[in-house]
Amino acid sequence: MTTPMDFSSLGSFLPGLNELPAKLEKMQKRTASEVVTAETGGGMVTIEATANMRIRRITLSKSLTDLSDPEMTEDLLAACFNLVIDRCREKSQSIAAEELGPMASFLQNNPLF
């Protein structure tokens with residue numbers, strides 16, 4: 003039979019653990035409200051999203067919608083989506099580092115979280 007683990011002293015190893023739920027909640031609120039924007043094709047496609055990767059707006063320039071080249075439109079859209087996703091990821095990592103400090107890298111590299 004195995005003995006249950008005692009985590010009561012975990013707080014001494016990880017200072018600030020008691021504040022973690024409040025910090026996580028604050029981080030979630032920030033990522034839901036901070037806006038990230040990406041554009042491709044010299045502004046022909048613009049995508050606005052929140053840092054938690056929720057798309058808020060997609061804008062296509064009139065010149066793009068008048069083109070008879072759907073492949074170009076598709077390529078610009080795909081590139082813009084990929085760019086905004088990368089920027090959202092960067093922004094959310096930045097927010098996590100600001101809100102959680104050193105705990106952010108521990109949580110990002112720990113499969114339990």
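So the sequence shown is numbered by the numbering used here: it starts at 3 and just counts up by one.
Yeah, the Cβ is synthetic: ideal placement off N, Cα and C, and Gly gets one too.
Endpoints, the alpha helix (DSSP H) within which Arg32 is located: For this step, residue 32 is matched to residue 30 along the sequence shown. Leu22 to Ser35 is the span of the alpha helix (DSSP H), which, as asked, contains Arg32.
Inter-residue CB distance, Leu102 and Lys25 (contact presumed, cutoff 8 angstroms): Here residue 102 refers to the residue found at position 100 when the sequence shown is read from its first residue. Here residue 25 refers to the residue found at position 23 when the sequence shown is read from its first residue. Yes, Leu102 and Lys25 are in contact; Cβ-Cβ is about 5 angstroms, under 8 angstroms.
Thr33 to Asn20 span [Cα, whole Å]: As a first step, residue 33 is located in the sequence shown; it is residue number 31 there, counting from the start. As a first step, residue 20 is located in the sequence shown; it is residue number 18 there, counting from the start. Roughly 22 angstroms between the two C-alpha positions.
Inter-residue CB distance, Thr48 and Glu41 (contact presumed, cutoff 8 angstroms): Walking along the sequence shown from the start, residue 48 turns up at place 46. Walking along the sequence shown from the start, residue 41 turns up at place 39. About 4 angstroms separates the two Cβ atoms, so the contact holds.
Delimiting residues of the alpha helix (DSSP H) encompassing Ala98: Within the sequence shown, numbered from 1, the residue matching residue 98 stands at position 96. Per DSSP, Ala98 belongs to the alpha helix (DSSP H) from Pro72 to Leu102.
Where Leu62 falls: helix, strand or coil (DSSP): Along the sequence shown, one-based indexing puts residue 62 at 60. Leu62: strand per DSSP, three-state reduction.
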